[in-house]
Amino acid sequence: MMEYLNVLAIIVAGLMVGSELAVAAFVHPTLDRLPDSVHLPVASALARVLGRFMPFWYILVFLLTLAEVLFQWRQSRRLPIWIATSAVLWALASLYTITALVPINNRIASWEKVTPPADWKSFRSRWDLLHRWRVVLLTIAFAFLIVGFVSK
1 MMEYLNVLAI IVAGLMVGSE LAVAAFVHPT LDRLPDSVHL PVASALARVL GRFMPFWYIL
61 VFLLTLAEVL FQWRQSRRLP IWIATSAVLW ALASLYTITA LVPINNRIAS WEKVTPPADW
121 KSFRSRWDLL HRWRVVLLTI AFAFLIVGFV SK
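Now the structure itself:
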């Protein structure tokens, strides 16, 4: 059972980190090179779609990581420090997302229905900067999760 949970946690977390990395490294830099008339509606559409889907993915990764901590602690009576640290980092990334990125994302998503502000690109730039920091945090959390599985 634990092996299946380990594999599921790695796959779900790895796909999420990869998705967020792809947005930071490829999707948004490509959007930035497009004309504003294309960039704005695509950015708004992506903000709406990912804004609906990603919260569940974040919760799932956190819960899988937390389950790993609890199962390993129950089996060995020692705290799996690498995986526990990973769980804390996933929680911090989620909190950071809710407080720093979601408000900007919601504003960007609304631009389909309302006229965007003249400085709309500054909102996008701010989101991209904050998102890059989130990707760093997620990558570290994922690395801790893997090290926790390898070192047990």
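Residue 122 in the numbering used here sits at position 122 of the sequence shown; the count goes up by one each step and never skips.
The beta-carbon is built from N, C-alpha and C at its ideal position, and this holds for glycine as well.
Worksheet item: Based on Cα-Cα distance, which residue from E68, V49, L145, H39 lies nearest to P154?
Response: Given a span of 1 to 152 for the chain in the structure shown, any question on residue 154 remains unanswerable.
Practice prompt. Mind the definition here: the region 3-21 touches the region 129-147 only if three or more C-beta pairs lie below 8 Å; say whether that holds.
Written response: Taking one beta carbon from each stretch, the region 3-21 and the region 129-147 have 3 or more pairs nearer than 8 Å; the two touch.
Discussion item. Measuring straight from C-alpha to C-alpha, what distance separates L66 and L129?
Written reply: Between L66 and L129, the C-alpha separation is close to 28 Å.
Discussion item. Is it buried or exposed, I11, if we count other Cβ atoms within 10 angstroms and call 16 or more buried?
Written reply: Exposed, because fewer than 16 other Cβ atoms sit within 10 Å of the Cβ of I11.
Worksheet item: Grouping DSSP H, G and I as helix and E and B as strand, with all else coil, what is R78?
Response: Three-state result, R78: coil.
Item to complete: Pick helix, strand or coil for S37, following the three-state DSSP scheme.
Response: In the structure shown, S37 falls within a helical segment according to DSSP collapsed to helix, strand and coil.
Item to complete: Could you check which residue in R124, L89, N105 has the C-alpha nearest to that of D32?
Response: In terms of Cα proximity to D32, the closest of R124, L89, N105 is R124.
Item to complete: In the DSSP assignment, find the unbroken alpha helix (DSSP H) run with K121 in it and report its ends.
Response: Here the alpha helix (DSSP H) through K121 covers 120-150.
Item to complete: Using a threshold of 8 Å, state whether the C-beta atoms of A13 and V88 are closer than that.
Response: The answer is no: Cβ separation not under 8 Å.
Fill in: Between the CA atoms of F144 and S37 - distance to the nearest angstrom
Take the alpha-carbon of S37 and the one of F144: they are about 41 Å apart.
Item to complete: Evaluate M1 with the Cβ neighbour count: other Cβ atoms within 10 Å of its Cβ, from every protein chain shown; 16 or more gives buried, anything less gives exposed.
Response: The residue is exposed, with fewer than 16 neighbouring Cβ atoms inside 10 Å.
Discussion item. Helix, strand or coil, according to DSSP, for Y29 in the structure here?
Written reply: The amino acid occupying residue 29 in the given sequence is Pro; Tyr does not appear at that position. Helix, per DSSP.
Fill in: Cβ neighbour criterion (16 or more within 10 Å) applied to T97
By the 10 Å Cβ count, T97 comes out buried.
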